[in-house]
Amino acid sequence: MLLVELERFIEEDLGYNDVSCTVVPDCKVRAEVVSNEDGIVAGLAEATQVFEYFEVFATTDLAEGTAIKKDDIIFTLEGGARSILRAERLALNFLGRMSGIATLTRKYVGRANGVKIACTRKTTPGFRKFEKKAVIAGGGDPHRFNLSDTVLIKDNHIAVLGLEKALKSAKDAASFTQKIEVEVEDTDSAVRAAELGADIIMFDNMAADEIEKCIKRLDEKGLRQGLILEASGGISMENAGDYAKTGVDVISIGALTHSSLWLDISLRIKQ
């Protein structure tokens, strides 16, 4: 995390008239950051930076992506009482948010039978890199970080230009390093996108059995080789296993970042 980012987060949290932290004497204390539930820990580096900024000595034996149990100690802290109180909420926000994402990602990975689980760009503005880092900690793939990483031709592009023209325009404009992905909603569109040279085909909001039939058609036409196939939309914890059996290479799930619950984590001053 860049210092300017850290200071922006700290300024937002402290405000201009911090009375609550100044009512306690600035004596030296010990504290612990503890998990109140089982999960996958993420955000350790960010929390450490917050503590260090306030000159709180923080130690941990954990690594990003470690499975933790209820009552496990994530950090032991030593420092001024006021400094620990000022660092507390921001550090716990990073840990809670990122660990929640990592925990949900790991659950999906467990349902995917070896198929890659990826997130999307449905992220919190200003916090995307931390959310995608949390997905990685959970064993998932960050997908593209921004619009420059991969060319993705979606339904609205096709509505304006048509599939063939949209794909041709993308090929003409894209760098040789950029893959071109096409979003499809039926078998005919998938076959056509493959024939036109798409690198990745995303099956958008298609049922698992429809995707399976589509992949069979691509195989029959000799178009499957070299294609990356991605399923996205309508995928839940309950049906992720069904999608994993279709033959896709990737399952992308927006819920990893937009619907994950925070992991419950607390800070306790021990003195």
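The sequence shown begins at 633 in this note's numbering and counts up one residue at a time. For each residue, glycine too, the CB sits at the ideal point set by N, CA and C.
Helix, strand or coil: how does DSSP classify residue i here?
i: residue 863; result: strand
i: residue 651; result: coil
i: residue 688; result: coil
i: residue 749; result: strand
i: residue 780; result: coil
i: residue 920; result: In the structure as shown, the chain begins at 633 and stops at 903. Residue 920 is therefore absent and cannot be evaluated.
i: residue 697; result: coil
i: residue 858; result: coil
i: residue 906; result: Since the first residue of the chain shown is 633 and the last is 903, residue 906 is not available in this structure.
i: residue 671; result: strand
i: residue 678; result: helix
i: residue 871; result: coil
i: residue 735; result: helix
i: residue 893; result: coil
i: residue 819; result: helix
i: residue 808; result: coil
i: residue 744; result: coil
In or out: residue i buried (at least 16 other Cβ within 10 Å) or exposed?
i: residue 681; result: buried
i: residue 654; result: exposed
i: residue 739; result: buried
i: residue 809; result: exposed
i: residue 665; result: buried
i: residue 636; result: exposed
i: residue 780; result: exposed
i: residue 846; result: buried
i: residue 858; result: exposed
i: residue 751; result: buried
i: residue 678; result: buried
i: residue 755; result: buried
i: residue 746; result: exposed
i: residue 711; result: buried
i: residue 695; result: exposed
i: residue 870; result: exposed
i: residue 687; result: exposed
i: residue 644; result: exposed
i: residue 685; result: buried
What does residue i pair with, by DSSP beta-bridge criteria?
i: residue 660; result: 712
i: residue 899; result: 665
i: residue 707; result: 665
i: residue 785; result: 814
If you follow the beta strand (DSSP E) that residue i is part of, which residue opens it and which one closes it?
i: residue 880; result: Careful: residue 880 lies outside any beta strand (DSSP E) and carries neither H nor E.
i: residue 835; result: 832-836
i: residue 813; result: 812-816
State the start and end residues of the unbroken alpha helix (DSSP H) segment that holds residue i.
i: residue 850; result: 840-852
i: residue 642; result: 635-646
i: residue 773; result: Element bounds for residue 773: n/a, residue is neither H nor E.
i: residue 762; result: 760-769
i: residue 805; result: 795-805
Does residue i come within less than 8 Å of chain B when only Cβ atoms are used?
i: residue 899; result: Going by chain labels, chain B is absent from the structure shown, which holds only one protein chain.
What whole-angstrom Cβ distance do residue i and residue j have, given they're in contact under 8 Å?
i: residue 794; j: residue 837; result: Actually they do not touch by this definition, with Cβ atoms about 20 Å apart.
i: residue 907; j: residue 840; result: The shown model of the chain, from 633 to 903, leaves out residue 907, and the question about it has no answer.
i: residue 815; j: residue 787; result: 6 Å
i: residue 885; j: residue 731; result: 18 Å between Cβ atoms; not a contact.
i: residue 834; j: residue 796; result: 17 Å between Cβ atoms; not a contact.
i: residue 734; j: residue 683; result: In fact, because the Cβ distance is near 20 Å, the residues do not count as touching under 8 Å.
i: residue 744; j: residue 872; result: 6 Å
i: residue 675; j: residue 727; result: 5 Å
Is it the case that the CB of residue i approaches a heavy atom of the ligand SAM more closely than 7 Å?
i: residue 717; result: This structure simply doesn't include the ligand SAM, nor any ligand for that matter.
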